[in-house]
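> Residue numbers (the numbering used here): 521 to 667.
Quick one: the structure is below, and I'll ask about it shortly.
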Amino acid sequence: LTASEEVAAKWVKDVKANFGTSESVRFASVGYCWGARFVCQQLSAEGICKVGAIAHPSFLKESDIFKVKEPIFFSVPATDKLFEPTERNRTVEILAEKNKQFNMQIFAKVGHGFASRGRLTDPYERWAKEQSFKSFVEWFDFWLPKL
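The following block contains the structure:
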């Protein structure tokens, strides 16, 4: 993930240079799979984003979740080897204990990657993918004007 971290750092630098960091400028961040870590980083005290959304996260650590300061939305499969139910439950526990704004939708019978590369020929999986996207948009529409 080192190369990804370098790309993300460059992205943040470029965004700041192009759009500034005044209070009137608000950024949102979406992360799929390994991008979840970067969303958490950008929702931390050092980040530039005011709201974020994550689908089927992987490689998340408790320390990533503890750093989250801004509203975050999760869209996850009920069964996922890269974000096990124990990790999912611990994520909810941490965010609730820290009194953070968050929401998590859990879809049964879809696998890791459903929100980015789901099987569109399966009506339920297609629906879950679309619901995940719609939920992200609604989350941003709700939070961005308030922050």
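Note that CB positions come from ideal geometry on N, CA and C, so glycine has one too.
Note that the structure is predicted; figures quoted are calculated from it, not measured.
Using the C-alpha atoms, what's the distance from SER655 back to ASP661?
Along the sequence shown, one-based indexing puts residue 661 at 141. Along the sequence shown, one-based indexing puts residue 655 at 135. In a straight line, the C-alpha of ASP661 is about 10 Å away from that of SER655.
> What's the call for LYS581, buried or exposed, on a 16-neighbour Cβ count within 10 Å?
Numbered from 1 along the sequence shown, position 61 holds the residue referred to as residue 581. Result: exposed.
> Less than 8 Å separating the Cβ of VAL535 from some heavy atom of the ligand GTP?
Inclusion of the ligand GTP in the displayed structure is not the case, the ligand content being empty and no account of it being possible.
> Have a look at ALA537, ALA529 and GLU607 and flag the residue whose alpha-carbon is nearest the alpha-carbon of THR599.
Taking the sequence shown and counting its residues from 1, one reaches residue 599 at position 79. Among ALA537, ALA529 and GLU607, the Cα nearest to that of THR599 belongs to GLU607.
> On a CA-only basis, which of ALA528, ILE592, PRO605 and VAL596 is nearest LEU615? Give me that one, please.
The sequence position of residue 615 within the sequence shown is 95, counting from 1. The option with the nearest alpha carbon to LEU615 is ILE592.
> Who does ALA573 pair with in a DSSP beta bridge?
Locating residue 573 in the sequence shown gives position 53, counting from the first residue. Note: ALA573 sits in a beta bridge opposite VAL550 and PHE593.
> Using DSSP bridges, identify the partner residues of ILE614.
Position 94 of the sequence shown, counted from the start, is the residue given in the question as residue 614. None, per the DSSP bridge assignment.
> Three-state secondary structure (DSSP) at CYS585?
Counted from its first residue, the sequence shown places residue 585 at position 65. The question names Cys, but residue 585 in the sequence shown is Ile. ILE585: helix per DSSP, three-state reduction.
> Closest Cβ-Cβ distance between ALA598 and chain D: below 9 Å?
No chain D appears in the structure shown, which is made up of a single protein chain.
> In the DSSP assignment, find the beta strand (DSSP E) that holds LYS621 and state where it starts and stops.
Within the sequence shown, the letter at position 101 stands for residue 621. The sequence shown places Gln at residue 621, not Lys. GLN621 -> no beta strand (DSSP E), and no H or E assigned at all.
> Decide if the segment 616-627 is in contact with the segment 539-559; the criterion is three or more beta carbon pairs, one per stretch, under 8 Å apart.
no
> Short of 6 Å in beta carbon distance, which residues of its chain neighbour ALA575, apart from the five on each side in sequence? Order them along the chain.
Locating residue 575 in the sequence shown gives position 55, counting from the first residue. Contacts found: TYR552, SER595, ALA635 and SER652.
> Going by Cα to Cα distance, which pick from VAL588, PHE579 and ILE585 is closest to GLU604?
Within the sequence shown, the letter at position 84 stands for residue 604. Ranking the options by Cα distance to GLU604, first place goes to PHE579.
> Kindly identify the DSSP beta-bridge partner or partners of PHE627.
As a first step, residue 627 is located in the sequence shown; it is residue number 107 there, counting from the start. Residue pairing by DSSP puts PHE627 in a beta bridge opposite PRO597.
> Keeping to the same chain, check which residues put their C-beta closer than 8 Å to that of GLU613; ignore five residues upstream and five downstream.
Your numbering for residue 613 matches position 93 in the sequence shown. Excluding its 5 nearest sequence neighbours in each direction, GLU613 has no C-beta neighbour in its own chain below 8 Å.
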